[in-house]
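Residues 12 to 328 (the working numbering) are what the sequence shown spells out, left to right.
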Amino acid sequence: MDRPVLSRVRAATRAARAVRTVTGAEEKENDVAGMTTVLGGEPLALADAVGEELRGAAPLGVAYSGGVDSALLLALAVRTLGAGNVVALLGVSPSLARSERARAHETAAFIGARVVEIETHEGENPDYVRNGVDRCFFCKDELFTRISDEVVAAHGLAAVAYGENADDARRPDRPGSRAATNHRVLRPLSVVGMTKAQVRLVARALGLPVADKPAAPCLASRIPHGEEVTPEKLRQVERAEEVLRELGFSDGRVRHHGDIARIELPTAEIARAGEEEIRTALDAGVRAAGFRYVVVDLRGIQSGAFTLPLLAVGHRG
């Protein structure tokens with residue numbers, strides 16, 4: 012690993028985080044508590060529509076990942092029902108990156124919501140491990156089952172909701188929605204027709220720190236379907252993606268192809284990966300994560316890269 016490069020990047024990152032932390036603290040008094048006054052126009056109409064879907068659902072558990080969809084749902088639940096009637100339910104397993112876990116807690120603290128961590132064990136389910144195109148179903152089913160069995164009674168929850176948006180509802184690569192249906196989990200963003208763009212619009216209006224956060228699917232999504240999901244592969248991907256963040260890339264995914272790490276970056280940042288200093292540190296860091304070869308995919312980041320092609324040919328494996 013090129014330590015001078017990473018040291019400089021880490022220093023810059025710490026400075027940026029310090030600024031964001033101070034800003035969040037300064038704005039805290041006016042964020043969730045002032046949600047009824049900071050909104051107007053379309054964001055207000057959308058927030059009120061979601062609120063109507065949530066009325067009567069207190070106490071409410073929000074299946075929460077820290078992404079913009081679940082964070083907005085959490086914020087609107089707090090706005091509608093009050094912080095004392097809402098709890099964020101964060102599923103924790105090897106497929107959740109440590110950085111995502113930490114950021115989820117930071118965002119919930121900004122919103123003013125309690126977080127309950129739920130340890131999930133989808134990795135013990137052979138149907139999940141085999142990694143078919145329906146892998147997400149078994150992951151979500153494990154989460155919702157644990158919520159039903161361990162959390163609902165303990166916290167006296169009247170309902171559980173999750174952050175499916177209207178665009179998600181139309182995608183064929185979202186088998187987790189079937190698990191939500193089976194467990195009668197509410198999906199208020201989708202019900203009111205809120206698209207991803209509108210989710211970000213309302214999140215920006217509320218000042219949520221994750222309003223423009225790139226999508227961050229679980230680490231298992233980096234492993235091709237049909238190849239087993241293992242804790243070691245997940246650790247390799249997590250360590251490799253930490254290198255991308257340390258080198259200052261705004262987003263990135265490391266696809267696991269055995270000895271090969273295929274890196275997807277925003278197209279505008281691909282050229283930077285070829286700069287001598289960055290290229291050397293990137294290659295050394297990703298190989299240190301356990302890969303033998305490191306390649307950058309010239310197509311950039313591709314959502315659903317492994318799942319959508321299989322669904323297009325009718326694969327059900």
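Built from N, CA and C at the ideal position, the CB exists for glycine as well. Owing to the predicted nature of the structure, the values given are computational and were not obtained by experimental measurement.
Euclidean distance between Cα positions of residue i and residue j
i	j	result
R5	E53	A query on residue 5 cannot be resolved here, the shown segment of the chain reaching from 12 to 328 and no further.
L258	H116	24 Å
A108	P225	15 Å
G296	I234	19 Å
V33	G123	For V33, the predicted model reports a pLDDT of 29, less than 50, meaning its position is unreliable and no value from the coordinates is stated.
L121	A56	Strictly speaking, residue 121 in this sequence is Phe, with Leu absent from that position. Taking the straight line from one Cα to the other gives about 23 Å.
Y304	D270	6 Å
V240	G51	45 Å
A69	D145	32 Å
R157	G102	9 Å
A180	P186	10 Å
M205	V221	17 Å
D178	K207	6 Å
V73	R264	27 Å
P199	E252	32 Å
E249	A94	33 Å
C147	G218	30 Å
R211	E238	34 Å
G167	H268	44 Å
A227	E275	13 Å
Y173	V140	24 Å
A300	C229	18 Å
S159	T192	13 Å
D294	S188	38 Å
E161	V171	13 Å
V254	R182	31 Å
Beta-carbon proximity list for residue i, same chain, < 6 Å, skipping 5 on both sides
i	result
R273	R266, V306 and D308
D152	A190
E37	In this prediction, E37 scores a pLDDT of 36, lower than 50, which makes its location untrustworthy; the coordinate-derived value is nonetheless stated afterwards. Result list for E37: empty, nothing under 6 Å.
A231	S106 and V240
Beta-carbon separation (whole angstroms), residue i vs residue j, contact threshold 8 Å
i	j	result
L71	A165	About 14 Å separates the two Cβ atoms, so there is no contact after all.
F149	H194	That pair is no contact at about 13 Å.
V61	V163	Wrong, their Cβ atoms sit about 22 Å apart, outside the cutoff.
P105	G78	Not a contact, Cβ separation roughly 18 Å.
H236	N142	5 Å
A119	L87	14 Å between Cβ atoms; not a contact.
S76	R256	Contact doesn't hold; Cβ gap of about 18 Å is too wide.
V49	A282	About 39 Å; that fails the 8 Å criterion.
T91	R66	7 Å
Enclosing beta strand (DSSP E) for residue i [first to last residue]
i	result
V73	L71 to A74
F102	The displayed chain sequence assigns Gly, not Phe, to residue 102. Its beta strand (DSSP E) spans residues V97 to V103.
I158	I158 -> no beta strand (DSSP E), and no H or E assigned at all.
A272	I271 to E275
V306	Y304 to V307
V171	A170 to Y173
Same chain, Cβ closer than 7 Å to residue i, neighbours up to 5 away in sequence not counted
i	result
P277	S261, D262, G311 and I312
V213	P54, L57, A58 and L83
E280	F260 and S261
V89	V43, V97, I122, G123 and A124
N176	D80, L200, S201, M205, T206, K207 and V210
D138	F149
D223	R211
S314	A226
R298	V305
Unbroken alpha helix (DSSP H) run spanning residue i, endpoints
i	result
G62	G52 to L65
H267	Looking at the DSSP string, H267 is not in any alpha helix (DSSP H); the run it does join, the beta strand (DSSP E), is R264 to H268.
V127	Run containing V127: none in the alpha helix (DSSP H); it sits in the beta strand (DSSP E), R125 to E130.
V202	P199 to V202
R141	Element bounds for R141: n/a, residue is neither H nor E.
D294	E287 to A299
Q247	P242 to E257
L219	From DSSP, L219 is part of no alpha helix (DSSP H); its letter is neither H nor E.
L230	That residue, L230, is in no alpha helix (DSSP H); it is neither H nor E in DSSP.
D179	A177 to R181
T192	G187 to N193
I122	R109 to I122
I234	Premise fails: I234 is in no alpha helix (DSSP H) and is neither H nor E.
D80	V79 to L92
I281	I281 to A284
Same chain, Cβ closer than 8 Å to residue i, five either side skipped, listed in chain order
i	result
T131	G102, V103, S104, C150, E153, L154 and R157
E64	L197, P199, V202 and V203
Okay, do the region 88-103 and the region 123-131 touch, 3+ Cβ pairs below 8 Å being the bar?
Result yes; three or more Cβ-Cβ pairs closer than 8 Å.
Does the region 237-245 come within contact of the region 283-293, defined as at least 3 CB pairs closer than 8 Å?
Three or more Cβ pairs closer than 8 Å define a contact, and the region 237-245 falls short of that threshold against the region 283-293.
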